[in-house]
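Take 152 as the starting number for the sequence shown in our numbering and just add one per residue.
Data first, discussion second: the structure below is written as C-alpha cells.
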Amino acid sequence: MMGIVWHGRYAKYLELAREEMLGTIDYGIAQMKASGYAWPVIEMNIRYAQALRFEQRIRVQADLVEIEHRMKIAYRIFDVESGRRLTRAYTTQVALDVASGEMLFASPAVLLDKFRQ
C-alpha cells in the first residue's frame, strides 16, 4: 500500500529520540566518543500498532527504563494532531570499551553519574 512509511525507517526515528534524550544529560555522540565507550544496540523490538503515513507529523518519546547492567530505552510514537499512540518499541544497548573492543557487563560510571546528577 502506497503512502505508508517503510518499517526500517522506524529505527532511525528511535535513534534520533535516543540521541536527544542522552543529549539532555550531556552524553551525546561526542561525549560518548570522548568517554571511550560505544553503546551498540543488541536488541530492538517494535510493535507497529498503526502504520505511519508519509508527511504525518509524529512525536517520539524516549524513556530510560534500565541502566545498571545495560541501557534499555522504551519509546512511544504519537500522532501530533490526535495525540494517539501509534507505535511502541524498546532498544537494549550495552557498553563497549572502544579501546579493547570488549563488551561490559555493567554500565560504566561515566553514564551512571550523568543520570544521577
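Note that CB positions come from ideal geometry on N, CA and C, so glycine has one too.
#1: When you compare the CB positions of L237 and A200, do they come within less than 8 Å of one another, or not?
#2: State the Cα-Cα distance for the pair M172 and M153, rounded to the nearest angstrom.
#3: What are the partner residues of D214, as DSSP defines its beta bridges?
#4: Within 10 angstroms of its Cβ, does S258 collect 16 or more other Cβ (buried), or is it exposed?
#5: Taking the alpha carbon of Q182 as the point to measure from, which residue in I218, E170 and G159 has its own alpha carbon closest?
#6: Can you grab the Cα-Cα spacing for the pair A162 / A225, in whole Å?
#7: Closer than 7 Å by C-beta to G179: which residues in its own chain qualify, once you throw out the five before and the five after it? Chain order, please.
#8: Could you give the DSSP three-state label for L263: helix, strand or coil?
#9: Kindly list the residues whose CB is nearer than 8 Å to the CB of I155, restricted to its own chain and excluding five residues on each side of it in sequence; keep chain order.
#10: Considering only the alpha carbon of each residue, which of Q268, H158 and A168 lies closest to R210?
#11: What is the residue span of the alpha helix (DSSP H) that R160 lies within?
#12: W190 and A240: beta carbons closer than 8 Å?
Taking the coordinates as given:
#1: yes
#2: 32 Å
#3: A225
#4: buried
#5: E170
#6: 13 Å
#7: E170 and L173
#8: helix
#9: A202, L203, R204 and F205
#10: A168
#11: R160 to G174
#12: no
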